[in-house]
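J.: This is the structure I have questions about; it appears just below.
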Amino acid sequence: MKYLLDTNICIYIINEKPKQILRKFEQYPVHEFGVSSITHAELQYGIEKSKNKNINQDALDEFLLPLTILPFHGKSLVTCYGEIRAFLESKGKTIGPLDTLIAAHALGLNLTIISNNIKEFSRIPNLKCVDWISEA
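Below, the structure written as structure tokens:
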């Protein structure tokens, strides 16, 4: 596994919009991608507040089926989260709490985040991130 898919990229792939994101995703073997359990929770939240729960749940289940969902646990990930959050607060450049957890997950497992939210993730030293939207 090389990449951790951020929530916004998962939504683009599920919705097949924009098309270039889906095409980019299909260029790689599926085993190169993982999804954080934090991202999974965010996606589930979106379903719970949607009007088409059954359709959206089926789409999410189909999307996640071939992917590895990575649990957020272990001292190294918890420590990584604490370090990132303390660093960002010391610089006065905090990011959203779920993005901080996802960043810690990627950094702790040495994965590259694929996201359309590079502005926030780029504040974190040593975090590798790629924006498929800007690459298209």
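Just so you know, we're using our numbering here: the sequence shown kicks off at 3 and counts up by one.
Even glycine gets a Cβ: it sits at the ideal position worked out from N, Cα and C.
1. Would you be able to state if there are at least three C-beta pairs under 8 Å between the stretch 6-15 and the stretch 109-118?
2. Assuming T96 is part of the beta strand (DSSP E), what are its boundary residues?
3. What's the C-alpha gap between N58 and K26?
4. Ends of the beta strand (DSSP E) at Y5?
5. S52 by DSSP, collapsed to three states: which one?
6. Is S78 buried or exposed, if buried means 16 or more other CB atoms sit within 10 Å of its CB?
7. Return the chain-ordered list of same chain residues with a C-beta closer than 6 Å to the C-beta of V37, the five sequence neighbours on each side being excluded.
T.: Looking at the atomic coordinates:
1. yes
2. Here T96 belongs to no beta strand (DSSP E), and DSSP marks it neither H nor E.
3. 22 Å
4. Y5 to L7
5. coil
6. exposed
7. L7, L69 and I71
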